[in-house]
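Just so you know, we're using the numbering used here here: the sequence shown kicks off at 1 and counts up by one. For each residue, glycine too, the CB sits at the ideal point set by N, CA and C. Just below is one structure, and these are the notes that go with it.
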Amino acid sequence: MSFAFGIGIGTQNNQGEWLEVFYQQPVITPDNGLIEVAQNVLDYQGGNQAVSVTPDQLKALSDGLRQLGQMEQSALAGKAAESRRPVVVTLLDTDDTASSTPEVYLKLHLISSRQARPHELKLDGIFGLLPNLAWTSEGAIDLNELPERQLKARLEGRTLEVKSVDKFPQMTDYVVPKGVRIADTARVRLGAYVGEGTTVMHEGFINFNAGTEGTSMIEGRISAGVMIGQGSDLGGGCSTMGTLSGGGNIIISVGENCLIGANAGLGIPLGDRCKVEAGLYITAGTKVALLDDNNELVEVIKARDLANKPDLLFRRNSQTGAVECKTNKSAIELNEELHANN
1 MSFAFGIGIG TQNNQGEWLE VFYQQPVITP DNGLIEVAQN VLDYQGGNQA VSVTPDQLKA
61 LSDGLRQLGQ MEQSALAGKA AESRRPVVVT LLDTDDTASS TPEVYLKLHL ISSRQARPHE
121 LKLDGIFGLL PNLAWTSEGA IDLNELPERQ LKARLEGRTL EVKSVDKFPQ MTDYVVPKGV
181 RIADTARVRL GAYVGEGTTV MHEGFINFNA GTEGTSMIEG RISAGVMIGQ GSDLGGGCST
241 MGTLSGGGNI IISVGENCLI GANAGLGIPL GDRCKVEAGL YITAGTKVAL LDDNNELVEV
301 IKARDLANKP DLLFRRNSQT GAVECKTNKS AIELNEELHA NN
């Protein structure tokens, strides 16, 4: 069984290089019959390929898919046959390292459309395949071609708005998941996984290969690779440390029903029902004073030893400045669990 399939409408630069691709109906683990039709029409011999297709090929693909009963894909192929933009059919036999821009965009679409979760797809090496582009009011433009396009717009009495210069576009230009609120769509990148019920406020940010499980309030930063559990709240200006920003191989996550206070930060995986005091940044090496139910010191440990433990409250002592941790279980019981396998 093949891994993924997509009919994409994209943008190329003047050299015919792919800049970006829009897949309206990407499919993960496509039906074998769909792949057989593609093999017959496109002379696809297997493997991972992004095939530039002609209108005649798309019409033949549409006919074959309709006979197979793949009505949505058939309709899409038929509409794509009339596209003024270049069209690509991307077929991925396996989830191997991507070798082309259309392959990367297909994988990012699969995550944002909730067909695959962060960390489930192989995304290594994608930065070299994503060109840095001007994302404008007229779509993606090669940076070398931008001055000419700006001049052309001015001569025609228009202003070409450059919204960003980046490798990643905003998600909502490609995918709008069901049941979400996003106050500033520019702050959610394509490849983000935004669970149903999530609200992303104006200062919230979600990177690619990261996101939320479900009903969550996001007013802080979700860095690449970080997943936020159901019912959790990231306060204004808070931050989670991603693997691209110094987190090493530690995969940061936030459990269910957690609260990370405003301007706080997290560099360890957090278990369920945890709280981090506003303004407190915890890294893996942060020394933490573990307190018992009577606020007596049990032991000073590194924050990494508390990774994924539930029911923790991290705070800073207002008199000494020491980072402290309390739990609704006794700290002594927690301490015994930490050292059980030493």
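Taking the continuous alpha helix (DSSP H) assigned at residue i, which residues delimit it?
i	result
Val41	32-42
Ile111	101-112
Ala60	55-68
Leu190	Looking at the DSSP string, Leu190 is not in any alpha helix (DSSP H), and its letter there is neither H nor E.
Ala153	146-155
DSSP has residue i in a bridge; who is on the other side?
i	result
Asn48	Leu92
Glu20	Thr11
Gly265	Ser239, Tyr281
Glu299	Leu290
Thr327	Leu312
Ala4	Ile28, Leu92
Lys275	Leu259, Leu313
Met217	Thr199, Asp233
Arg181	Thr199
Met227	Gly211, Ser253
Gln170	Arg189
Would you kindly report the start and end of the unbroken beta strand (DSSP E) that includes residue i?
i	result
Lys79	Taken as a continuous stretch (DSSP letters only), Lys79 belongs to no beta strand (DSSP E), being part of the alpha helix (DSSP H) at 71-80.
Leu133	133-136
Ser164	162-166
Gly211	210-212
Leu141	Inspection of the sequence shows that residue 141 is occupied by Ile rather than by Leu. First-last of the beta strand (DSSP E) with Ile141: 139-142.
Could you give the distance in angstroms between the alpha-carbon of residue i and the alpha-carbon of residue j?
i	j	result
Val323	Gly267	14 Å
Gly265	Gly125	28 Å
Gly237	Tyr105	29 Å
Asn342	Ala303	Residue placement at Asn342 cannot be trusted, given a pLDDT of 38 that sits under 50; what the coordinates show is reported in the next sentence. Roughly 17 Å between the two C-alpha positions.
Arg316	Leu108	39 Å
Gly271	Asp184	29 Å
Met171	Val254	22 Å
Gly231	Ala186	24 Å
Met227	Asp233	12 Å
Asn14	Pro118	34 Å
Gly235	Ile250	22 Å
Glu296	Gly229	31 Å
Asn32	Met1	6 Å
Gly247	Leu42	The predicted model places Gly247 with a pLDDT of 45, which falls under 50 and marks its position as unreliable; any figure quoted below should be read in that light. Going by the C-alpha atoms only, they are around 44 Å apart.
Ala153	Ile218	38 Å
Arg84	Thr11	10 Å
Lys79	Gly128	31 Å
Ala116	Thr29	11 Å
Asp311	Ile7	46 Å
Thr101	Ile9	13 Å
Leu58	Ile35	14 Å
My understanding is that residue i touches residue j, with C-beta atoms under 8 Å, so please give their C-beta distance in whole angstroms.
i	j	result
Asn132	Leu143	6 Å
Ser137	Leu160	6 Å
Ala4	Leu110	6 Å
Ile222	Thr199	At roughly 13 Å, the Cβ-Cβ gap does not stay under 8 Å, so Ile222 and Thr199 are not in contact.
Leu91	Ala77	So it is not a contact: roughly 13 Å between Cβ atoms.
I'd like to know whether the C-beta of residue i is nearer than 9 Å to at least one C-beta of chain C.
i	result
Val188	Reference to chain C is not applicable here, since this structure consists of a single protein chain.
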